[in-house]
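Residues -20 to -1, 1 to 270 (mature numbering (1 follows the signal peptide of the UniProt record, and there is no 0)) make up the sequence shown, in order.
Glycine included, C-beta positions come from ideal geometry on N, C-alpha and C.
Report on the structure given below.
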Amino acid sequence: MTRFLNVTILLLFTAGLALAANSRKQQATEQNRRKNAAKDRETIEDSETTDQCPEPNGFFADAEQCDKYYDCRDGEITEKLCPDGMVFNDYSSEYEKCDLPFNIDCTSRPKLQVPQPSQHCPRKHGYFAHEELHICDKFYYCVDGKFNMITCPNGLVYNEKAGICSWPDEAKKKGCSSEEVFQFECPKVNESVAATHPRYADPDDCQYFYVCINGDTPRRNGCKLGQVFDDVHKKCDWVRHVPECADWYKGRLTDEQLAELENPPTPKPRPTKVSRRKPSRPPRPASAED
């Protein structure tokens, strides 16, 4: 009987140890689960903070809208918008700068705020093409919804993609190709001639000529005042040397003015200024007696 009791006590003791061990294991598992859950929450919170403020301080672009950005101060975020027509310059998070869209790549965040148009200004700020397709050399500069019309230099058209005046073949504006703007087509030539970018006289203006880039794209160029384009020698020359354009400047410049343009007077040398002050005497060398 005593032996039976001892065995029973041993079994109960062993079972108790197993239960205790199992309980400790469960407690350890639960603690690890809680720690992991806490870490996961911290990671999620950090991730959410990073999505909005990558750094505690700075200016950061919106992921979808090019004219929206965020001002982060000690982790506090403030949403901001650039003036209508401008976009956020995200080159440096240290600077709060809105810029013209020609200077910023908005391909990955193409959305923009609702436009605030006014006369000739599709948006309040920026450069915009003329409303009429075939008016190629004029465009509008808008500031706060007020416009100024600008005209490109002769031979250039407004480039909507770059916001500047450029050659028609570079601007690629509808209705403003080189042939449409100049009303001139380059003659067909072989490859060897095309490689030299041949020149041709403007049929309506002796002072101008066309350079055919690669033999097929015309660009209009001009000679300086007093000169005309010599279509025989393919260069600019003084008007008296080009018989077919001898009278081109009649009524605009006299023969004396043309001669002066060709042979400008030699500027007189400036007189050398001479000082009227008497030169100071050099100090007397010390003698042995001194």
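Near A18, what residues of its chain come up, given a Cβ to Cβ distance below 7 angstroms and the 5 sequence neighbours on each side ignored? Model confidence at A18 stands at a pLDDT of 49, short of 50, so the residue's coordinates are unreliable; what they give is reported in the following sentence. The answer is none, since no qualifying residue turns up.
Give the range of the beta strand (DSSP E) segment to which S98 is assigned. According to the DSSP assignment, S98 belongs to no beta strand (DSSP E), since it is labelled neither H nor E.
If H177 and N194 are in contact, beta carbons under 8 angstroms, what's the gap, nearest whole angstrom? With a Cβ gap of about 7 angstroms, H177 and N194 count as contacting.
What is the rounded straight-line gap between the Cα of I84 and the Cα of P90? Looking at the backbone, the Cα of I84 and that of P90 are separated by about 11 angstroms.
Pick helix, strand or coil for R220, following the three-state DSSP scheme. Helix, per DSSP.
Can you tell me whether P251 is buried or exposed, with buried defined as 16 or more other CB within 10 angstroms of its CB? exposed
Can you tell me whether DSSP reads D235 as helix, strand or coil? helix
Looking at K60: is its Cβ nearer than 8 angstroms to the Cβ of N69? No. Outside cutoff.
Would you mind working out which of T197, D184, P247 and P249 sits nearest C225, comparing C-alpha positions? D184
Kindly indicate which three-state DSSP category L92 falls into: helix, strand or coil? coil
On a Cα-Cα basis, can you pick out the residue from A239, Y75, P249 and C156 that is closest to I115? C156
For S146, list the residues DSSP reports as bridge partners. V137
Can you tell me whether R53 is buried or exposed? The criterion is at least 16 other CB atoms within 10 Å of its CB, across all chains shown. The residue in question, R53, is exposed, as its Cβ has fewer than 16 Cβ neighbours within 10 Å.
How far does the alpha helix (DSSP H) with A174 in it extend, from its first residue to its last? E171 to A174
What does the alpha-carbon distance come out to for the pair F41 and R232? In the sequence as presented, Phe is not what sits at residue 41; that position holds Ala. Straight-line Cα distance between these residues: approximately 58 angstroms.
Thinking C-alpha only, which one of F82, C192 and R179 is nearest H213? R179
For C33, which of Q163, C46 and D51 has the nearest alpha-carbon? D51
For N194, name the three-state secondary structure that DSSP assigns. coil
Separation of S88 from S98, as counted between CA atoms: 28 angstroms
Please determine, among N134, D196, N128 and L241, the residue with the shortest C-alpha to C-alpha distance to S172. D196
Distance CB(H110)-CB(V123) smaller than 8 angstroms: Contact: no.
Considering E59, what are the terminal residues of the beta strand (DSSP E) in which it resides? Looking at the DSSP string, the run of the beta strand (DSSP E) that includes E59 is E56 to L61.
Count the other C-beta atoms from every protein chain shown that fall within 10 angstroms of the C-beta of A(-6), then say buried if there are 16 or more, exposed otherwise. With a pLDDT of only 46 at A(-6), under the threshold of 50, the placement of this residue in the model should not be trusted; the figure read from the coordinates follows. So A(-6) counts as exposed.
Nonlocal neighbours in the same chain, by C-beta distance under 7 angstroms from C86, ignoring five residues either side: So the qualifying residues of the chain are C46 and V67.
Tell me whether Q163 is buried or exposed, calling it buried when 16 or more other Cβ atoms sit within 10 Å of its Cβ. The residue in question, Q163, is exposed, as its Cβ has fewer than 16 Cβ neighbours within 10 Å.
Inter-residue Cα distance where the pair is residue 277 and F39: Residue 277 lies beyond the stretch modelled for the chain, which goes from -20 to 270, so this question has no answer here.
By the 10 Å Cβ neighbour count, where 16 or more other Cβ atoms means buried, how is Q237 classified, buried or exposed? exposed
Taking buried to mean at least 16 other C-beta atoms within 10 Å of its own C-beta, is L113 buried or exposed? By the beta-carbon neighbour count (other beta carbons within 10 angstroms, threshold 16), L113 is exposed.
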